[in-house]
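Beneath this line is the structure, given in structure tokens, with notes to follow.
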Amino acid sequence: MITFRVDKILNNSLVLSKNSDNNEVILMGKGIGFNAKVGDDISSDLIEKCFVLQQITGIQGYLKLIESLPDDYIELTRSLLDYASKTLNTNFRETLFFTLLDHLSYAIERYYSGVIIQNRLLHEVKSFYPNEFKVAEYGITYINEQLNIALPEEEAGNIAFHLVNGQSHQQTMQNTLLSVKILKDIFNIIQFNFAIEINKQSLNYSRFLTHMQFFIQRIFEQQQLHSDNDFIFRQVIEQYPDEFKCAHAIKKYLINQLNITISNEEILYLILHIIRIVH
-2 MITFRVDKIL NNSLVLSKNS DNNEVILMGK GIGFNAKVGD DISSDLIEKC
48 FVLQQITGIQ GYLKLIESLP DDYIELTRSL LDYASKTLNT NFRETLFFTL
98 LDHLSYAIER YYSGVIIQNR LLHEVKSFYP NEFKVAEYGI TYINEQLNIA
148 LPEEEAGNIA FHLVNGQSHQ QTMQNTLLSV KILKDIFNII QFNFAIEINK
198 QSLNYSRFLT HMQFFIQRIF EQQQLHSDND FIFRQVIEQY PDEFKCAHAI
248 KKYLINQLNI TISNEEILYL ILHIIRIVH
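Letter 168 of the sequence shown, counting from 1, is numbered 165 in the numbering used here, and no numbers are missing.
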């Protein structure tokens, strides 16, 4: 069993230490730094997470931030991520704690300064990532109650972006924002092509949304589906020419946006989901 010792106390919830490879780590746990002294052994029961500093980009800046913030901010961020992890049943990237803490501290600072930044993609975040948005809404309510402030709904959208981004080990915040824009544009292309308004309460909408989220993730991670057998693809495009025309319009849009090619296998699945969502 690894024995950790306190090298530096950052606050009541975070301390600096070293692991068995002599790499600096941040240990997180409720009360882990309370009444602790440099050189003390750390009970393994208190350790909830261990962050290896050399694996976190910009960690020195985050360390300065942590030391400058009230303990409340650390605890609020930790509690929100615990709730999000359980509710969404996912393991987030370790860096999410630091990026979310940075965002929340800045959001609170803006609130006290009377500065409100509009989230122009708030509606789309609600529609495309409803689970993350609900968790973020809970987070805003919890923070407002604990600090007696009134962060606006826009901040729930921003937190949701961080939660979405934190679930992928390769996706950046820039790609998260771009994926929301792409989803919005694709749904608009479908609605325009078929002159319909998609029912966002339907099961087929939920299925299509899930498919598109994974489809966009595969594009960003360069892991598109491929098949050497185009027989089914040719059958489907002959049987559903309107849906193929719509899928082709989406393909052209993605080529223009991302400068990539889209495989026939991906177009096939796209057509099949379009069939379900428009009929």
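Cβ coordinates follow ideal geometry from the N, Cα and C atoms, glycine included. As the structure is a prediction and not an experimental result, all values here were calculated from the model.
Whose C-beta lies closer than 7 Å to the C-beta of residue i among residues of the same chain, with five residues either side of it excluded?
{"i": "asparagine 9", "result": "Gly28, Gly30, Phe31, Asp68"}
{"i": "glutamine 115", "result": "Glu151"}
{"i": "glutamine 254", "result": "Ile179"}
{"i": "threonine 84", "result": "Val132"}
{"i": "lysine 34", "result": "Val3"}
{"i": "alanine 246", "result": "Ile186, Asn190"}
Please identify the residue among the options whose C-alpha is closest to the C-alpha of residue i.
{"i": "glycine 26", "options": "Ile113, Ile39, Val161", "result": "Ile39"}
{"i": "leucine 119", "options": "Tyr109, Phe130, Tyr237", "result": "Phe130"}
{"i": "threonine 138", "options": "Thr74, Arg117, Ile193, Val161", "result": "Thr74"}
{"i": "histidine 270", "options": "Glu240, Gln221, Ile113", "result": "Glu240"}
{"i": "tyrosine 80", "options": "Pro149, Glu263, Asn256, Asn128", "result": "Asn128"}
{"i": "tyrosine 59", "options": "Glu72, Phe211, Phe94", "result": "Phe94"}
{"i": "glutamate 235", "options": "Lys249, Ile268, Tyr250, Leu200", "result": "Ile268"}
{"i": "tyrosine 126", "options": "Gln210, Asn145, His276", "result": "Gln210"}
{"i": "isoleucine 259", "options": "Thr92, Val233, Ile105, Gln220", "result": "Gln220"}
{"i": "asparagine 190", "options": "Ala147, Ala244, Ile140", "result": "Ala244"}
{"i": "aspartate 37", "options": "Lys61, Gln57, Thr54, Ile6", "result": "Ile6"}
{"i": "threonine 54", "options": "Thr92, Lys61, Ser76", "result": "Thr92"}
{"i": "glutamine 232", "options": "Ile264, Leu251, Ile216", "result": "Ile264"}
Residue i lies in the alpha helix (DSSP H); which residues open and close that run?
{"i": "phenylalanine 29", "result": "Sequence inspection shows isoleucine at residue 29; the phenylalanine mentioned does not correspond to that position. That residue, isoleucine 29, is in no alpha helix (DSSP H); it is neither H nor E in DSSP."}
{"i": "leucine 174", "result": "170 to 191"}
{"i": "serine 14", "result": "First-last for serine 14: 11 to 15, but that is the beta strand (DSSP E), not the alpha helix (DSSP H)."}
{"i": "leucine 60", "result": "56 to 65"}
{"i": "serine 76", "result": "68 to 85"}
{"i": "tyrosine 250", "result": "238 to 255"}
{"i": "serine 110", "result": "93 to 110"}
{"i": "threonine 138", "result": "127 to 144"}
{"i": "glycine 154", "result": "150 to 162"}
{"i": "leucine 267", "result": "261 to 275"}
How long is the line joining the alpha carbons of residue i and residue j, rounded to whole angstroms?
{"i": "threonine 278", "j": "leucine 78", "result": "With the chain covering -2 to 276 only, the question about residue 278 has no answer from this structure."}
{"i": "glutamate 111", "j": "tyrosine 70", "result": "Strictly speaking, residue 111 in this sequence is glycine, with glutamate absent from that position. Taking the straight line joining both Cα atoms gives about 19 Å."}
{"i": "threonine 96", "j": "aspartate 227", "result": "44 Å"}
{"i": "aspartate 124", "j": "isoleucine 229", "result": "Strictly speaking, residue 124 in this sequence is serine, with aspartate absent from that position. In a straight line, the C-alpha of serine 124 is about 32 Å away from that of isoleucine 229."}
{"i": "lysine 181", "j": "leucine 13", "result": "43 Å"}
{"i": "asparagine 256", "j": "glutamate 218", "result": "14 Å"}
{"i": "tyrosine 135", "j": "valine 3", "result": "34 Å"}
{"i": "isoleucine 272", "j": "glutamate 121", "result": "23 Å"}
{"i": "serine 199", "j": "tyrosine 237", "result": "22 Å"}
{"i": "histidine 276", "j": "lysine 248", "result": "21 Å"}
{"i": "serine 82", "j": "glutamine 188", "result": "34 Å"}
{"i": "lysine 15", "j": "histidine 159", "result": "28 Å"}
{"i": "aspartate 225", "j": "isoleucine 183", "result": "26 Å"}
{"i": "isoleucine 193", "j": "leucine 251", "result": "22 Å"}
{"i": "arginine 90", "j": "glutamate 45", "result": "15 Å"}
{"i": "arginine 117", "j": "isoleucine 146", "result": "23 Å"}
{"i": "asparagine 86", "j": "serine 76", "result": "15 Å"}
{"i": "glutamate 262", "j": "isoleucine 216", "result": "13 Å"}
Among the residues of its own chain, which have a CB less than 6 Å from the CB of residue i, if the five just before and after it don't count?
{"i": "alanine 133", "result": "Ala153, Ile156, Ala157"}
{"i": "phenylalanine 205", "result": "His270, Ile274"}
{"i": "leucine 43", "result": "Gly26, Ile29"}
{"i": "asparagine 88", "result": "none"}
{"i": "methionine 170", "result": "Asn162"}
How far does the beta strand (DSSP E) with residue i in it reach, from first residue to last?
{"i": "lysine 46", "result": "46 to 49"}
{"i": "lysine 197", "result": "Where lysine 197 is concerned, there is no enclosing beta strand (DSSP E), given that its DSSP letter is neither H nor E."}
Which same chain residues end up closer than 8 Å to residue i when comparing Cβ atoms and leaving out the 5 residues on each side of it in sequence?
{"i": "tyrosine 266", "result": "His208, Phe212, Leu222"}
{"i": "leucine 326", "result": "Absent from the structure is residue 326, since the part of the chain shown begins at -2 and ends at 276."}
{"i": "tyrosine 202", "result": "Ile195, Asn196, Ile274"}
{"i": "arginine 107", "result": "Ile113, Ile114"}
{"i": "leucine 148", "result": "Ala104, Ile105, Tyr108, Ile137, Ile140, Asn141"}
{"i": "glutamine 143", "result": "Asp69, Leu73"}
Checklist entry - Counting pairs of Cβ atoms below 8 Å between the segment 173 to 191 and the segment 93 to 102, do you hit three or more? => result no
Item to check | Cβ contact check for the segment 15 to 23 and the segment 43 to 51: 3 or more pairs under 8 Å | outcome: yes
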